[in-house]
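K.L.:
Shown below is the structure under consideration.
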Amino acid sequence: MNVDWTTFWPRIVEATGETLIMVIATLIFGSILGVVMGLLLFVTRQNNILENKIVFNLLNLIINIVRPVPFIIFLVAISQLTRLVVGTTIGTAAAIFPMTIIASFTIARVVENNLVSIDPGVIEAAQAMGASPLRIIFTVLIPEALGPLVLGLTFVSVTLIDFSAVAGTVGGGGLGHVAMTYGYQRFDGSVMIVTVLILIVLVQVAQWIGNTLSRKIMRR
Amino acid sequence: MIEFKQVSKTFKIGPREVHAVKDVTLTVEQGDIFGIIGFSGAGKSTLLRLVNLLERPTSGRIEIGGTDVTSLSAKELRRQRQNIGMIFQNFNLFNSRTVAGNIAYPLKLAGTPKTEISRRVTELLQFVGLADKAANYPDQLSGGQKQRVGIARALASNPDILICDEATSALDPDTTSDILRLLKKVNREFGITILLITHEMEVIQSICTKVAVMEDGEVIETGGVFDVFTDPQHGTTERFIRSVQQDLPSPGILKEWRDAGGGKLYRLLFKGPIANEPVLSRVTAKHGVTFNIVYGSVRELQERLFGNLIVSFAGDPVATAAAIDEIATLTDIEEVIEIER
Ligand SMILES: Nc1ncnc2c1ncn2[C@@H]1O[C@H](COP(=O)(O)OP(=O)(O)OP(=O)(O)O)[C@@H](O)[C@H]1O
Ligand SMILES: [Mg+2]
Numbered sequence: 013m014n015v016d017w018t019t020f021w022p023r024i025v026e027a028t029g030e031t032l033i034m035v036i037a038t039l040i041f042g043s044i045l046g047v048v049m050g051l052l053l054f055v056t057r058q059n060n061i062l063e064n065k066i067v068f069n070l071l072n073l074i075i076n077i078v079r080p081v082p083f084i085i086f087l088v089a090i091s092q093l094t095r096l097v098v099g100t101t102i103g104t105a106a107a108i109f110p111m112t113i114i115a116s117f118t119i120a121r122v123v124e125n126n127l128v129s130i131d132p133g134v135i136e137a138a139q140a141m142g143a144s145p146l147r148i149i150f151t152v153l154i155p156e157a158l159g160p161l162v163l164g165l166t167f168v169s170v171t172l173i174d175f176s177a178v179a180g181t182v183g184g185g186g187l188g189h190v191a192m193t194y195g196y197q198r199f200d201g202s203v204m205i206v207t208v209l210i211l212i213v214l215v216q217v218a219q220w221i222g223n224t225l226s227r228k229i230m231r232r
Numbered sequence: 006m007i008e009f010k011q012v013s014k015t016f017k018i019g020p021r022e023v024h025a026v027k028d029v030t031l032t033v034e035q036g037d038i039f040g041i042i043g044f045s046g047a048g049k050s051t052l053l054r055l056v057n058l059l060e061r062p063t064s065g066r067i068e069i070g071g072t073d074v075t076s077l078s079a080k081e082l083r084r085q086r087q088n089i090g091m092i093f094q095n096f097n098l099f100n101s102r103t104v105a106g107n108i109a110y111p112l113k114l115a116g117t118p119k120t121e122i123s124r125r126v127t128e129l130l131q132f133v134g135l136a137d138k139a140a141n142y143p144d145q146l147s148g149g150q151k152q153r154v155g156i157a158r159a160l161a162s163n164p165d166i167l168i169c170d171e172a173t174s175a176l177d178p179d180t181t182s183d184i185l186r187l188l189k190k191v192n193r194e195f196g197i198t199i200l201l202i203t204h205e206m207e208v209i210q211s212i213c214t215k216v217a218v219m220e221d222g223e224v225i226e227t228g229g230v231f232d233v234f235t236d237p238q239h240g241t242t243e244r245f246i247r248s249v250q251q252d253l254p255s256p257g258i259l260k261e262w263r264d265a266g267g268g269k270l271y272r273l274l275f276k277g278p279i280a281n282e283p284v285l286s287r288v289t290a291k292h293g294v295t296f297n298i299v300y301g302s303v304r305e306l307q308e309r310l311f312g313n314l315i316v317s318f319a320g321d322p323v324a325t326a327a328a329i330d331e332i333a334t335l336t337d338i339e340e341v342i343e344i345e346r
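Residue numbers (the numbering used here), protein chains in the order written: chain W, 13 to 232; chain S, 6 to 346.
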C-alpha cells in the first residue's frame, strides 16, 4: 500500500520539524548540563583549581554507568521517570527528556576531553596573575577550549539526529516515527527513501554549521 | 624584598618523597636582578613557584616586604599575586586572545577602567616594541615576540617583583640577548626586583647582580655575581663558570706545550682595577725575567674587569721565584697543575 504523496508531504514536513525540535532542544538542555558537568569534572581533578575527590569520583562514576547503556534500552529503562517528569512517554517532549540526559553525559566527556588538552601552563599563568577559580573557568577554560568544543558538540548533534530517529520508533514522533509506521510497517519503500534522504541532509547541514563555526573561532 | 626563611618543599608521590627544596634561606633585596642557577632537577622552578605560592612550602616562611605570604587568605593572596609578575619558558599566552587582549587580562582582573586599560596596553606594547602587533594572535608571533608579550602582560599590573622561569631557554642566542636587555630595562626604568632561574651561566653573567647556585634542592653558594665568578667556592659553581669562560687551555694544548719542553705554567687572576695595571711587565722587568702569555682573557663582569692569564717565565730560577713571590703580593697567582676535569 502506497501513500498519496500529494497529501503526504505536509506530514513529512511536520515530522522533520519534530525531529529538528527534538535535536535542537536536546542540544540546548544537554549542552547546559553537559558543559557544567564537564567543567566540574575537569576542575575537581587532582591538582586542579578546585580539586575535590568526592565530586570528581561521584560524577565520573555516574557518567561511566550511564554512557555505555544503549540508547534504546535507556529510553525504555527510564520511561517511568520520563512519565513522572514530562507526564507522558509518547511524543516529542517525552523523547527530549531521555535524549537530554544521555546527551548531557556525552557532552560532559567531550567538554572534559577538550579542557584536558588546554596547556596547564596557561591556567597557571592566570593563577599567577591572581585570577580566582571561577574567573579562570569563564575567562580561560571556556574561551581556550571553545573551538574544539564546537566540533565536539557538532559530533554530538549528529548522534542526536540518530537518537531522535530511535526515539521516533518507540513513539517519539519525528522522521523516525514516519519511517517506522509508513516505511517499515506498511512496506512503502519511497517513504523510507525520503526520510533517509532528509536525515542525511540534516546531518550534512549540522556538520557544515559546526565546521564553519569552529573554524571562525579557531581562525583557521 | 623577598625572604626565604628555612623553606623546604617536599612532594609526595605515593609512598615516595621528593625533597625538591631543602632548608633554603635567601634574601632578594629590592632592585636586585637575582639569578638562581642549577642543573635540571635542582629545584629551581619549585623555589620560584614558592614566591607566588603556586607551590606551598612544606615548612619555613616566605616573606615579601615583611609579610608572611603563607598566612594570607585566598583573596589576599590573589591581590598579592597581582604584585608579582611572572613569565615562563613557554610563554603561556592565551591563544584565544589577541596580543592586546593578553596584556589587558591582568588589568581586567584588577578592575581597571576600560579607557585606562587601552591606554596602558598601548604604553606597554610600545615599551616592549610590539606596537604594530596589538591585533595579532599569539600563534602569529615568533618566540621572541611571544616572550615580549609575556613580559608586557607581567608588567601590566605594575608589580614590584618579576619572577622568570627559564624565560630565555626556548629562544635562540640573539633573541635571548634581546629579551635579557629588555629585562634589564624593566629593572632599571621601573625599579622592579627580578628573580630569575636559569641553567645558562650566560644569563647570570649578562644581567644578574646576585646569584645563588642550587644543587639537590639546596642553595650551595650565593653572593654578588662578580665575587662568585671570580672566586667560586663550590665545584658545581666552577663547572657553570667554565661553561661561559674557559680559564685553561684544553688538555690537548697543555700536553703539546709540555711535550715541546715548555716550562712551568702559572695562572694569574686580576680582579677589578689591577687588571688595568702593567703588573706583569713591571715586576718581571725589575727581576730581569721575561714572560710569555700562553693563554688568557680579560673580560668585563658587572662593569668590573676580570683577567685570567696563563703565563710562563724564563730566566734565572732564583730571580723567577722572587718575581713570582712579588706578583703574589699584588694579585692571585698559582701554578697550573694538570687536574683531571
Ligand atoms: N608537582 C610535582 N610533583 C612531584 N615532584 C615534583 C613536582 N614538581 C617538581 N618535582 C620534583 O622536584 C624536583 C625539582 O624540580 P624542579 O622543577 O624544581 O627542578 P628545576 O631545577 O626547575 O629543573 P629544570 O631545570 O629541569 O626545570 C625534581 O626532582 C622534580 O621531579
Ligand atoms: Mg624548571
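Quick reminder that beta carbons are idealized off the backbone N, C-alpha and C, glycines included.
All values derive from a computational prediction rather than experimental measurement.
What's the C-alpha gap between PHE20(W) and GLY103(W)?
P.N.:
Counting from one through the first sequence, the residue named residue 20(W) turns up at place 8. Counting from one through the first sequence, the residue named residue 103(W) turns up at place 91. The alpha-carbon atoms of PHE20(W) and GLY103(W) are separated by roughly 20 angstroms.
K.L.:
What residue range is occupied by the uninterrupted beta strand (DSSP E) comprising THR203(S)?
P.N.:
As a working mapping, residue 203(S) is identified with position 198 in the second sequence. 198 to 203 is the span of the beta strand (DSSP E), which, as asked, contains THR203(S).
K.L.:
Is any heavy atom in ligand 2 found nearer than 7 angstroms to the beta carbon of ALA171(S)?
P.N.:
Residue 171(S) sits at position 166 when you count from the first residue of the second sequence. The identity of residue 171(S) in the sequence shown is Glu, whereas the question assumes Ala. Checking the Cβ of GLU171(S) against ligand 2 gives yes.
K.L.:
With ASN297(S) as the anchor, note down where its beta strand (DSSP E) starts and where it stops.
P.N.:
The sequence position of residue 297(S) within the second sequence is 292, counting from 1. Boundaries of the beta strand (DSSP E) harbouring ASN297(S): 295 to 306, taken from the DSSP string.
K.L.:
So, with DSSP's three-state summary, where would you put TYR196(W)?
P.N.:
Taking the first sequence and counting its residues from 1, the one referred to as residue 196(W) is at position 184. It is helical.
K.L.:
DSSP has VAL33(S) in a bridge; who is on the other side?
P.N.:
Residue mapping note: residue 33(S) aligns to position 28 of the second sequence, counting from 1. According to DSSP, VAL33(S) bridges with ILE7(S).
K.L.:
For PHE231(S) and ARG309(S), I'd like the C-alpha separation in whole angstroms.
P.N.:
Here residue 231(S) refers to the residue found at position 226 when the second sequence is read from its first residue. Here residue 309(S) refers to the residue found at position 304 when the second sequence is read from its first residue. Cα-Cα distance, rounded: 8 angstroms.
K.L.:
Using only the alpha-carbon positions, how far apart do VAL12(S) and GLU223(S) sit?
P.N.:
The residue given as residue 12(S) occupies position 7 in the second sequence. The residue given as residue 223(S) occupies position 218 in the second sequence. Roughly 10 angstroms separates the two Cα atoms.
K.L.:
Does the segment 99 to 114 of chain S come close enough to the segment 62 to 82 of chain S that 3 or more CB-CB pairs lie under 8 angstroms?
P.N.:
no
K.L.:
Does the Cβ of PHE150(W) have 16 or more other Cβ atoms within 10 Å, making it buried, or fewer, making it exposed?
P.N.:
Position 138 of the first sequence, counting from 1, holds the residue named residue 150(W). Counting Cβ neighbours within 10 Å, PHE150(W) comes out exposed, since fewer than 16 surround it.
K.L.:
For a test of your reading of the model: does the CB of LYS49(S) fall under 7 angstroms from any non-hydrogen atom of ligand 2? Yes or no.
P.N.:
Within the second sequence, residue 49(S) is the residue found at index 44, counting from 1. Yes, ligand 2 has a heavy atom inside 7 angstroms of this Cβ.
K.L.:
Can you tell me the Cβ-Cβ gap for GLU136(W) and SER101(S), rounded? I've got them flagged as a contact below 8 angstroms.
P.N.:
As a first step, residue 136(W) is located in the first sequence; it is residue number 124 there, counting from the start. As a first step, residue 101(S) is located in the second sequence; it is residue number 96 there, counting from the start. Their Cβ separation, rounded to whole angstroms, is 16 angstroms, which puts GLU136(W) and SER101(S) out of contact at 8 angstroms.
K.L.:
Pick out whichever of THR171(W), MET192(W), THR224(W), PHE199(W) has its Cα sitting closest to the Cα of ALA159(W).
P.N.:
What you label residue 159(W) is simply residue 147 of the first sequence in a count that begins at 1. Ala is not the amino acid found at residue 159(W); the sequence shown has Gly there. Selected option, being the one with the closest Cα: THR224(W).
K.L.:
Quick check: is any heavy atom of ligand 1 less than 7 angstroms from the C-beta of VAL341(S)?
P.N.:
Residue 341(S) sits at position 336 when you count from the first residue of the second sequence. Flag unset: Cβ of VAL341(S) not near ligand 1.
K.L.:
Excluding the five sequence neighbours on either side, which residues of its own chain have a C-beta within less than 6 angstroms of the C-beta of PRO145(W), listed in chain order?
P.N.:
Locating residue 145(W) in the first sequence gives position 133, counting from the first residue. Only ILE61, LEU62 meet the Cβ criterion.
K.L.:
By the 10 Å Cβ neighbour count, where 16 or more other Cβ atoms means buried, how is ILE40(W) classified, buried or exposed?
P.N.:
Translated into positions along the first sequence, residue 40(W) becomes position 28. Exposed is the call here.
K.L.:
Is any heavy atom in ligand 1 found nearer than 7 angstroms to the beta carbon of ALA25(S)?
P.N.:
Counting from 1 along the second sequence, the entry for residue 25(S) is found at position 20. Checking every heavy atom of ligand 1 against the Cβ of ALA25(S), one is found closer than 7 angstroms.
K.L.:
Measure the C-alpha to C-alpha separation of PHE83(W) and PRO110(W) and round it to an integer number of angstroms.
P.N.:
Translated into the one-based positions of the first sequence, residue 83(W) becomes position 71. Translated into the one-based positions of the first sequence, residue 110(W) becomes position 98. Spanning the two alpha carbons is a distance of roughly 9 angstroms.
K.L.:
Would ASP170(S) be called buried (16 or more neighbouring beta carbons within 10 Å of its own) or exposed?
P.N.:
Indexing the second sequence from 1 puts residue 170(S) at position 165. Label assigned to ASP170(S): buried.
K.L.:
Taking the C-alpha atoms as reference points, what is the distance between GLY10(W) and ASN64(W)?
P.N.:
This structure cannot speak to residue 10(W), because chain W is shown only from 13 to 232.
K.L.:
What residues of chain W sit near PRO62(S), judged by a beta carbon separation below 9 angstroms?
P.N.:
Counting from one through the second sequence, the residue named residue 62(S) turns up at place 57. By Cβ distance, chain W contributes nothing, its closest Cβ being about 17 angstroms from PRO62(S), past 9 angstroms.
K.L.:
Got a sec? Which residues, its chain only, sit under 8 angstroms from SER169(W) by beta carbon, not counting five neighbours each side?
P.N.:
Translated into the one-based positions of the first sequence, residue 169(W) becomes position 157. Taking SER169(W) as the centre and dropping the five residues before and after it, the same chain places the C-beta of VAL35, LEU39, ALA218, GLY222 closer than 8 angstroms to its C-beta, in chain order.
K.L.:
Helix, strand or coil: which one does DSSP assign to ASP170(S)?
P.N.:
On the second sequence, residue 170(S) is found 165 positions in, with the first residue counted as 1. Three-state result, ASP170(S): strand.
K.L.:
Check the DSSP bridge columns for ILE92(S) and list the partner residues they point to.
P.N.:
As a working mapping, residue 92(S) is identified with position 87 in the second sequence. DSSP lists CYS169(S) as partners of ILE92(S).
K.L.:
Residues in the same chain with beta-carbon distance under 8 angstroms from ILE332(S), minus the five sequence neighbours each way, listed in chain order, please.
P.N.:
In the second sequence, counting from the first residue as 1, residue 332(S) sits at position 327. Taken in chain order, the residues that qualify are LEU273, VAL284, LEU285, VAL288, ILE338.
K.L.:
Quick one: which residues of the segment 137 to 149 of chain W get their C-beta closer than 8 angstroms to a C-beta of chain S? List them in chain order.
P.N.:
ALA137, ALA138, GLN139, ALA140, MET141, GLY142, ALA143, SER144, ARG147
K.L.:
Could you tell me whether the Cβ of ARG227(W) comes closer than 8 angstroms to any Cβ of chain S?
P.N.:
Numbered from its first residue, the first sequence carries residue 227(W) at position 215. No, no contact with chain S.
K.L.:
Cβ-heavy atom distance between SER45(S) and ligand 1 below 7 angstroms?
P.N.:
Position 40 of the second sequence holds residue 45(S). Result yes, Cβ under 7 angstroms from ligand 1.
K.L.:
Give, in chain order, every unbroken run of the alpha helix (DSSP H) that is at least 4 residues long and sits entirely within the segment 139 to 194 of chain S.
P.N.:
148 to 160
K.L.:
Please list, in chain order, all residues of the same chain as PRO278(S) whose beta carbon is under 7 angstroms from its beta carbon, the five residues on each side excluded.
P.N.:
Translated into the one-based positions of the second sequence, residue 278(S) becomes position 273. Counting only Cβ-Cβ distances below 7 angstroms, and skipping sequence neighbours, we find nothing.
K.L.:
In angstroms, rounded to a whole number, what distance separates the CA positions of LEU214(W) and VAL55(W)?
P.N.:
Start at 1 with the first residue of the first sequence, and residue 214(W) comes out as number 202. Start at 1 with the first residue of the first sequence, and residue 55(W) comes out as number 43. Looking at the two C-alpha atoms, the distance is approximately 35 angstroms.
K.L.:
What residues match up with PHE16(S) in a beta bridge as DSSP calls it?
P.N.:
Here residue 16(S) refers to the residue found at position 11 of the second sequence. For PHE16(S), which the question treats as bridged, DSSP gives the partners VAL23(S).
K.L.:
Can you list the residues of chain S that PRO155(W) reaches, using a CB-CB cut of under 7 angstroms?
P.N.:
Position 143 of the first sequence holds residue 155(W). Those within 7 angstroms of PRO155(W) in chain S are SER101.
K.L.:
Taking 7 angstroms as the cut-off, is the C-beta of ILE18(S) nearer than that to any heavy atom in ligand 1?
P.N.:
In the second sequence, residue 18(S) corresponds to position 13, counting from 1. ILE18(S) Cβ: within cutoff of ligand 1.
K.L.:
Going by DSSP, which residues form a beta bridge with TYR271(S)?
P.N.:
Locating residue 271(S) in the second sequence gives position 266, where the first residue counts as 1. Answer is VAL316(S), GLU340(S), bridged to TYR271(S).
K.L.:
Along chain W, which residues have their Cβ under 9 angstroms away from the Cβ of MET91(S)?
P.N.:
Taking the first residue of the second sequence as 1, we reach residue 91(S) at position 86. Scanning chain W for C-beta atoms nearer than 9 angstroms to the C-beta of MET91(S) yields GLU136, ALA137, ALA140, MET141, reported in chain order.
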